[in-house]
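One point on numbering: in my numbering, the residue at position 113 of the sequence shown is 113, and numbering is uninterrupted.
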Amino acid sequence: MKDKLIIAAALAATALTSNAALAGKATDTLNWSTTREVDVALPYYNNVREMVILQRHTWDNLLYRDTKTFEYKPLLATSYKWVDNKTLEFKIRKGVKFHNGQTLTADDVVATYNHVSAKDSGILTKRNANWIERAEKTGPDTVRVHLKETFPAALEYVSGPLAIFPKDIWKTAKKDAKGRPDYGTVAPIGTGPYISVKNVPGESVHLEKNPNYWKGSPKGQPSIGKIVFRTVSDPEAQIAELLSGSLDWIWDVPKDKAEQLKLIGISKVVSAPTMRISYIAMDRAGRSGKGKENPFFDKKVRQAVAHAVDRKAIAKNLVGGASQVIHSACFPTQFGCTQDVPKYDYNPGKAKKLLAEAGYPNGFTTDIFAYRQREYTEAVMGYLGKVGIKSKLKYMQYKALRGLVWDSKAPFHQMTWGSYSMNDVSAITSHFFQGKRDDYCRDTDVTKWLAEGDSNTDPKVRKAAYKKALSRLQENVCWLPMFTYAKYYAYSHDLEFTPTSDEIPRFFTAKWK
């Protein structure tokens with residue numbers, strides 16, 4: 001690959017003039033890409049990271065979490081207060097316009113919150129809104145949000161995934177084959193700094209600067225005229241396009257490629273920590289079976305996997321940068337997260353012994369499912385092979401794998417989670433281990449402890465409850481937490497861009513030099 005990059009660099013050097021029409025600065029168009037597809041360009045109905053990013057550009061929330069201080073600042077709400085432990089009150093900002101020209105009102109906020117919290121809303125990450133009992137308008141510009149239970153992390157969600165739509169938008173949803181409303185078909189209308197003007201499902205999403213974005217927003221005023229997201233499934237093709245000038249920004253660049261790009265010097269290369277973690281889930285619950293068809297039902301097999309994989313080597317040699325091994329099912333900075341849990345060191349000898357005790361002295365063969373960074377999973381497969389576990393990689397797009405997980409057809413999978421960039425354990429551990437469709441552990445005590453942590457306002461009680469849950473999860477090896485992500489970004493020298501640890505590139509703050 002090194003030779004290919006050098007050749008690409010040489011070609012790029014001679015092609016920059018002919019590719020001037022593609023260069024972002026020349027056309028005031030920021031072209032960015034990942035390997036993943038955005039089939040539905042709407043928040044709530046697509047939960048891939050790319051849509052989380054697009055949401056922040058096209059929509060606004062009631063509050064904005066400062067990326068440096070983590071302070072909640074007024075966005076579409078001018079103020080908020082806790083009326084009691086289960087009631088939040090917001091004053092809604094006047095004079096803000098949706099992209100269709102409609103004026104934002106308290107009714108839009110009420111309609112959005114009541115829609116996404118309804119049982120039949122069909123939103124993908126139900127955890128983002130299932131704590132809401134109802135919203136009501138209590139004055140011309142006042143909204144009260146009633147919680148089902150005490151939920152200390154509510155403001156993280158208000159400032160994160162809960163984007164505000166026009167009140168009547170949900171009535172425009174097309175019907176699916178069964179005659180039910182498909183809310184993922186409504187128009188992408190928000191109040192954000194960029195307007196969504198075109199979506200080619202699975203290929204691209206096109207944004208244009210909102211010339212009427214409201215003054216005084218903590219997001220600031222957008223500078224770049226157009227933003228185009230494109231899916232480029234081949235990482236090497238991404239690098240080639242970056243070098244030729246048809247892409248301005250990419251991330252998830254493998255460590256070795258990032259180092260080569262630095263040497264070439266055509267693009268700026270930066271490594272930055274993120275809130276995303278990698279994990280391996282194993283079917284402790286027996287959702288895919290409780291016999292030989294599911295070896296992971298046996299605790300000793302799960303322990304063997306945990307001892308077989310050299311996570312430290314993967315984090316250091318493949319992920320690089322600020323990546324670190326984790327031992328709990330959460331990101332270290334999240335409230336309630338602790339690494340003081342049962343740990344599994346790299347010990348292939350012990351892994352073989354555990355496999356023999358479980359009735360697999362010669363190992364076994366299994367599928368391993370993944371969707372992100374193939375090379376990380378291939379490294380895992382190599383380590384598993386050394387202790388006798390022969391694995392076949394089933395690599396696919398996130399949406400396809402998510403469906404298999406929900407259908408109990410992926411008993412052994414490596415995936416990632418960015419917690420919607422929310423700095424609270426409820427955004428990850430409570431999402432995966434409360435008996436819902438992502439839960440391959442199904443431990444009733446864990447579910448109980450997480451509910452206690454989610455609903456108590458006393459920080460000490462919350463931390464104690466979460467610690468019990470996190471410790472039990474690792475005692476049973478429901479997950480093998482792998483490592484935190486440290487992303488390598490590569491982008492045009494013409495672009496002024498600053499990465500943030502919450503894994504949300506804010507192109508609305510980016511500028512051309």
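Just so you know, even glycine gets a beta-carbon here, dropped at the ideal spot from N, CA and C.
Measuring alpha carbon to alpha carbon, tell me which of the options ends up nearest residue i.
i      : options                        : result
VAL387 : TYR360, TYR371, LYS409, GLY435 : TYR360
TYR488 : THR34, THR27, GLU203, LYS25    : THR34
ALA490 : THR231, PRO161, ARG49, ILE239  : ILE239
SER455 : THR67, ASN130, LEU242, PHE165  : ASN130
TYR383 : HIS307, LEU30, THR333, GLY321  : HIS307
GLY385 : TYR466, PHE364, LEU470         : PHE364
TRP82  : SER421, THR150, TRP406, VAL405 : THR150
ALA154 : ALA427, GLU503, ASN476         : ALA427
GLY402 : ASN128, ASP168, ASP439, THR27  : First, the residue type needs correcting, since residue 402 is Arg and not Gly in the sequence shown. That would be ASP439, whose Cα lies nearest to the Cα of ARG402.
GLY101 : LEU243, VAL52, ILE195, LYS513  : ILE195
ALA111 : GLN55, GLU133, ASP168          : ASP168
GLY418 : THR333, PHE296, TYR466         : THR333
PHE507 : ALA26, ILE280, LEU30, SER217   : LEU30
GLU259 : SER278, LEU318, SER233, MET482 : LEU318
GLU156 : LEU207, GLY95, THR191, LEU88   : LEU88
PRO152 : VAL301, MET422, LEU495, ASP28  : MET422
SER217 : GLY192, ALA237, GLU241, PRO235 : GLY192
MET482 : LYS290, HIS327, ASP234         : HIS327
LYS392 : THR366, VAL380, ARG374, ALA400 : THR366
On the CB-based measure, 16 or more other CB atoms within 10 Å of its CB, does residue i come out buried or exposed?
i      : result
LEU263 : exposed
PHE98  : buried
LEU355 : buried
ALA515 : For residue 515 there is no data in the structure shown, the boundaries of the chain being 1 and 513.
LYS119 : exposed
PHE90  : buried
THR444 : exposed
ASP60  : buried
THR69  : exposed
SER267 : buried
GLU50  : buried
GLU71  : exposed
ASP502 : buried
ARG56  : buried
GLU37  : buried
ILE7   : For ILE7, the pLDDT reaches just 49, beneath the cut-off of 50, and the residue's location in the model is therefore unreliable, leaving the point undetermined.
ASN212 : exposed
THR78  : exposed
Taking a contact to mean a Cβ-Cβ separation below 9 Å, would you say residue i touches residue j in this structure?
i      : j      : result
ILE368 : THR377 : yes
SER492 : GLY265 : no
ALA329 : SER323 : no
ARG372 : ASP256 : no
LYS215 : LYS226 : no
PRO342 : GLN434 : no
VAL425 : CYS337 : yes
ASN47  : THR142 : no
LEU75  : LEU63  : yes
LYS148 : LYS86  : yes
TRP249 : TRP406 : no
VAL232 : VAL205 : no
SER471 : ASP340 : yes
ARG311 : CYS441 : no
MET415 : SER278 : yes
ALA304 : CYS478 : no
Per DSSP, which one or two residues make a beta bridge with residue i?
i      : result
THR69  : None; THR69 has no bridge partner.
SER528 : There is no way to answer for residue 528, as the model of the chain reaches only from 1 to 513.
GLU89  : LYS81, ARG144
TRP249 : TRP32, TYR491
VAL270 : TYR489
LEU63  : PRO74
VAL309 : Paired residues: none, contrary to the question.
PRO181 : LYS175
GLN414 : ILE280, ALA370
PRO481 : TYR279
TYR346 : DSSP lists no partner for TYR346.
LYS97  : THR103
ILE227 : LEU30, LEU207
LEU473 : The partner list for LEU473 (beta bridge, DSSP) is empty, contrary to what the question assumes.
Consider the C-beta atom of residue i and the heavy atoms of the ligand PLP; say whether any pair is separated by less than 8 Å.
i      : result
PHE165 : Within the structure as shown, the ligand PLP is missing, as the structure has no ligands at all.
Would the segment 449 to 466 count as touching the segment 203 to 221 if we require 3 or more Cβ pairs under 8 Å?
no
Answer yes if the segment 405 to 419 comes into contact with the segment 444 to 458, meaning at least three C-beta pairs across the two stretches below 8 Å, and no otherwise.
no
I'd like to know if the segment 186 to 203 and the segment 38 to 50 are in contact, where contact means that at least 3 CB-CB pairs between them fall below 8 Å.
Segment contact: the segment 186 to 203 against the segment 38 to 50, three or more CB-CB distances shorter than 8 Å; contact assigned.
Indicate whether the contact test is met: 3 or more Cβ pairs, each with one atom in the segment 264 to 274 and one in the segment 476 to 486, closer than 8 Å.
yes
The segment 155 to 163 contacting the segment 42 to 59, beta-carbon criterion three pairs below 8 Å:
yes
Touch check for the segment 135 to 142 and the segment 87 to 106: three-plus C-beta pairs under 8 Å?
yes
Please determine if the segment 183 to 193 and the segment 168 to 175 are in contact, where contact requires at least 3 C-beta pairs separated by less than 8 Å.
Result yes; three or more Cβ-Cβ pairs closer than 8 Å.
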